[in-house]
Every structure is written in C-alpha cells, then in structure tokens.
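Heads up, the thing below is written out as structure tokens.
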Amino acid sequence: ETERLNLELRGKPKKLRLIRLRAPITVKGPLRAPQVGVEAGGAIAQGAAGLGIGALLAPLAAVLPFVDPGLARDANCAAMLAEGMAEGAPVRAAAR
C-alpha cells in the first residue's frame, strides 16, 4: 500500500502549432487512487508573457508565446530500448 505514482507528461509537437499551452499533465498519488491534474505554473508564465508582449508591442503579438514551431525529433526507439535493457528493465522484442 506504499506504492505511489509521480508522473509528469509533457508533449513535444513535431508540427507547427499556433495555440499550445505549456502545461504538463501530472499523475500523482497512491497506485490504487492516483490524482490526475495539470501543472499550471508553465501556462501562467506563458500567459503573463503574452500579456506583456501584447501590452508592449501590439495586441496581435500577444499570441507569440503560444506558438510552437514543432521542432521535436523522433525518438531513437532502438537506443531507448537498449538503454532500458542495460538498466534491467523488462523489455520485450517488438512483434513483426
């Protein structure tokens, strides 16, 4: 009954996104009843940056902090599996 989760999920778009909040999804708490939520700190900072830019430059510029150019790369799955196996993770071979 002492097993607990402490996960944070962050998205990294591979394509341009005009509106994107940078607020990770969290899963925390006991394994039997985890709590799912959103960490609002990044989104609040992002919104404050938008307000500041909009007030200083132009109202249309306020959307700049919410634009994500989508530059994330594909994960090297083979290297990640090899690293997991080296650290003792129970990794299964993919079905073909």
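Under my numbering, the final residue of the sequence shown carries the number 178; numbering is consecutive throughout. Positions of the beta carbon are idealized from the N, C-alpha and C atoms, including for glycine. For clarity, every value in this text was computed on a predicted model and none was experimentally measured.
Contact belief for residue i with residue j at Cβ below 8 Å, rounded distance in angstroms
i, j, result
"Arg-179", "Gly-152", "Within the shown structure, residues of the chain are numbered from 83 to 178, placing residue 179 beyond reach of any answer."
"Ala-127", "Gly-136", "That belief does not hold up - the Cβ atoms of Ala-127 and Gly-136 are roughly 15 Å apart, past 8 Å."
"Gln-117", "Gly-111", "4 Å"
"Pro-95", "Ala-154", "6 Å"
"Leu-113", "Leu-87", "6 Å"
"Thr-108", "Gly-119", "5 Å"
Member of the options whose CA lies at the smallest distance from the CA of residue i
i, options, result
"Ala-115", "Gly-134, Thr-84 and Glu-121", "Thr-84"
"Glu-121", "Pro-106, Ala-131, Met-162 and Gln-128", "Pro-106"
"Val-149", "Arg-86, Ala-160, Pro-172 and Gly-132", "Gly-132"
"Arg-104", "Gly-129, Lys-97 and Leu-89", "Gly-129"
"Arg-102", "Met-162, Pro-147, Gly-134 and Val-109", "Pro-147"
Residue interval of the alpha helix (DSSP H) (run including residue i)
i, result
"Leu-69", "Since the displayed the chain opens at 83 and closes at 178, residue 69 lies outside it and no answer follows."
Boundaries of the beta strand (DSSP E) in which residue i is found, first to last residue
i, result
"Arg-155", "No beta strand (DSSP E) contains Arg-155, which DSSP labels as neither H nor E."
"Gly-119", "117-120"
"Glu-85", "Counting along the chain, Glu-85 falls outside any beta strand (DSSP E), and DSSP gives it neither H nor E."
"Lys-110", "107-112"
Margin query: To test your reading of the DSSP string, which unbroken alpha helix (DSSP H) runs of 4 or more residues are found completely within the segment 123-153?
Written below: Restricting attention to alpha helix (DSSP H) runs no shorter than 4 residues, the segment 123-153 encloses them at 123-138, ordered along the chain.
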